[in-house]
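Be aware that the sequence shown starts at 1, since it is given in UniProt numbering, and climbs by one per residue.
No residue lacks a Cβ here, since even glycine has one placed at the ideal position from N, Cα and C.
From a predicted model like this one, the values you see are computed outputs, not experimental measurements.
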Amino acid sequence: MCVLAVHVTAHYSEDTASSAKLQLLGQALIFFFALSGFLLFLPIVRDLFLGKDAQPNVRAYAIHRALRIFPAYLVIFLITNFALQVSFVDNAQQTLVAGSEAGTGMITNPLSLLANLTLVQTYFPSLIQTGINPAWSLTLEIAFYISLPIIGAVLFWLRRTRGWSPLALTMAAPIALVVLGSIGKVFASWLQSREGITDVVEANFGPNWSAVVLRSFLGGSDAFAFGMAAVVVFVAVGTGVIGSKAARRIRFWSVIALFPSLVLMLAFLVKGSAFQSTFTSLASGLIILIIVLPLAEGGESKMADALDFKPFEYLGRISLSIYLWHFPMLMALGKWGLMAGDDWAGLVRNFVLLSVVSIALGSITYRWVEKPGLMYARKFKSK
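Set out below in structure tokens:
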């Protein structure tokens with residue numbers, strides 16, 4: 001919903017949104033990546049701490065992950081492209097004009113169409129930010145999906161052959177991703193200098209190799225890292241490797257560390273540095289840890305209880321569909337003349353209208369597309 005707010009306000013209420021610094025809400029996407037790191041690394045970490053010989057079933061994992069993303073994405077993309085005809089035919093960063101549907105239409109080029117159908121468009125400078133342009137995040141998410149069984153295989157092999165402790169092993173994985181992401185960001189900076197790119201948005205989303213690197217796992221792996229680190233601490237506390245007193249101290253210092261991490265995030269964001277996502281991920285990992293750490297030992301978390309609110313839960317359940325629908329409908333509603341202008345009243349109206357439409361469509365695709373796929377995936381056991 002934060003990403004939806006950023007996109008609709010920036011497109012139709014650019015000056016108003018800028019004056020209110022609403023673009024900061026876009027950092028919520030990094031929280032999503034950190035949360036993915038926490039949730040998807042959890043089974044591997046748990047099995048290592050429990051002394052099991054191998055990671056969870058990779059075939060079942062792959063089926064679950066494919067059915068989580070592709071059914072909803074394919075349906076929404078096909079409707080966006082062929083029925084609504086509001087796909088970005090060329091790079092959105094270059095063709096998007098605030099307040100209009102410029103740059104959108106129907107993709108007919110076979111190679112572009114195939115790339116978007118398979119979610120690999122982000123790996124080609126000429127195709128990046130085509131189709132449903134926020135879908136670049138799914139390309140990065142899929143790369144993380146692919147990396148996890150590889151990480152798991154390495155960790156279990158090291159456990160068997162070297163006898164390293166589960167805590168050291170599992171914490172090495174997020175550290176490696178921070179290093180990889182940092183290398184990718186430095187490489188992207190070199191590419192920007194080499195190509196003479198000075199605009200931050202172009203460097204991140206334009207039709208160039210810098211954007212490809214930054215939107216790929218090479219430049220974005222650290223977004224998952226701190227959620228992975230948080231789950232290591234969570235499982236270590238839950239299995240008694242880290243004691244109760246140490247867990248309380250960790251939670252206390254996580255609260256303290258959250259503030260400087262947010263300051264650094266803002267500083268790098270203002271500077272236009274790609275490393276702002278690193279500190280956003282750090283802050284996200286700390287927030288997750290603060291919320292869930294009391295639950296590791298079967299205790300209570302008032303923050304978790306407050307967030308376990310039925311409307312929040314439902315929005316989370318259908319969030320993939322909301323995320324995929326919101327930008328096409330943002331374009332379509334403008335195309336149909338239903339969006340208001342650049343003032344506070346227009347901003348609120350646009351946000352409410354797009355939210356209602358996206359949630360309604362998201363509910364439909366969740367019920368009839370996502371949920372059947374998820375139910376089918378449950379037939380494949382992880383063990």
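Requested in this report: For Ser87, name the three-state secondary structure that DSSP assigns.
Outcome: For Ser87, the three-state secondary structure derived from DSSP is strand.
Query raised in the report: Between Leu29 and the rest of its own chain, which residues show a CB-CB distance below 7 Å, the 5 nearest in sequence each way excluded?
Result: Around Leu29: Val3 and Ser137.
Report task. In the DSSP assignment, find the alpha helix (DSSP H) that holds Ser221 and state where it starts and stops. Result -> Run containing Ser221: none; DSSP gives neither H nor E here.
Query - Spatially closest choice to Leu117 from Val97, Met375 and Leu78, by CA coordinates - result: Checking every option, the nearest Cα to that of Leu117 belongs to Leu78.
Query - Spatial neighbours of Arg249 in its chain, beta-carbon cut-off 8 Å, leaving aside the 5 residues before and after - result: Cβ neighbours of Arg249 beyond the five flanking positions: none.
Requested in this report: Please work out which residues of its chain come closer than 7 Å, Cβ to Cβ, to Phe224, disregarding the five sequence neighbours upstream and downstream, and give them in chain order.
Outcome: Sequence-distant Cβ neighbours of Phe224 in its own chain, meaning closer than 7 Å and more than five residues away, are Phe33, Ala34, Ser36, Gly37, Phe144 and Leu177.
Query raised in the report: With DSSP run on the structure shown, which of helix, strand or coil describes Gly227?
Result: Helix, per DSSP.
Query raised in the report: When you compare only the Cα positions, how much space is there between Val8 and Ala92?
Result: Straight across, the Cα-Cα distance linking Val8 with Ala92 is about 15 Å.
Report task. Using the Cα positions of Ile175 and Phe187, report the straight-line distance between them to the nearest angstrom. Result -> The C-alpha of Phe187 is placed about 18 Å away from the C-alpha of Ile175.
Query raised in the report: Is the stretch 56-71 touching the stretch 95-106, taking contact as three or more C-beta pairs under 8 Å?
Result: Not touching, per the Cβ criterion.
Query raised in the report: By a C-beta neighbour count over all protein chains shown, 10 Å radius and 16 as the cutoff for buried, is Arg159 buried or exposed?
Result: Buried is the call here.
Query raised in the report: Which same chain residues, not among the five before or five after Arg251, have their C-beta less than 8 Å away from its C-beta?
Result: Once the five neighbours on either side are set aside, the close Cβ partners of Arg251 are Leu289, Ile290, Leu293 and Pro294.
Report task. Note down the Cα distance separating Gly238 from Glu370, rounded to an integer number of angstroms. Result -> Distance between the alpha carbons of Gly238 and Glu370: 32 Å.
Query - For Phe327, the first and last residue of its enclosing alpha helix (DSSP H) - result: Element bounds for Phe327: Ser319 to Lys335.
Report task. Locate the alpha helix (DSSP H) running through Tyr123, then write down its first and last residues. Result -> Premise fails: Tyr123 is in no alpha helix (DSSP H) and is neither H nor E.
Report task. Return the chain-ordered list of same chain residues with a C-beta closer than 8 Å to the C-beta of Arg215, the five sequence neighbours on each side being excluded. Result -> Thr122, Ile128, Trp136, Thr139, Leu140, Asn204 and Phe205, listed in sequence order.
Query raised in the report: Based on the DSSP output, what are the partners of Thr170 in its beta bridges?
Result: Beta bridge pairing from DSSP links Thr170 with no other residue.
Report task. Buried or exposed for Leu330, please, with buried defined as at least 16 other CB atoms from any protein chain shown within 10 angstroms of its CB. Result -> With 16 or more Cβ atoms within 10 Å of its Cβ, Leu330 is classed as buried.
Query raised in the report: Quick one: what does DSSP say Gly131 is sitting in, helix, strand or coil?
Result: Residue state for Gly131 is assigned as strand, using DSSP reduced to three classes.
Query raised in the report: In three-state DSSP terms, what is Thr365?
Result: Reduced to three states, the DSSP call for Thr365 is helix.
Query raised in the report: Can at least three beta-carbon pairs, one atom from the stretch 256-264 and one from the stretch 310-323, be found at a separation below 8 Å?
Result: As far as the Cβ criterion goes, the stretch 256-264 does not touch the stretch 310-323, which means the pair count is below three.
Query raised in the report: CB-CB under 7 Å to Gln94, same chain, minus the five flanking residues each way: which ones, in chain order?
Result: Taking C-beta separations shorter than 7 Å and ignoring five residues to either side along the sequence, the partners of Gln94 in its chain run Gly206 and Pro207, following chain order.
Query - Buried versus exposed, by CB contacts within 10 Å (16 or more), Lys379 - result: When all chains shown are included, Lys379 counts as exposed.
Query raised in the report: Thinking just about the alpha-carbon of each residue, which of Ser254, Phe279, Phe268 and Gly299 is nearest to the one in Leu286?
Result: Distances from the CA of Leu286 to each of Ser254, Phe279, Phe268 and Gly299 were compared; the closest alpha carbon is that of Ser254.
Query raised in the report: Taking Cβ to Cβ, would you say Ala230 is nearer than 9 Å to Glu297?
Result: No Cβ-Cβ contact shorter than 9 Å links Ala230 with Glu297.
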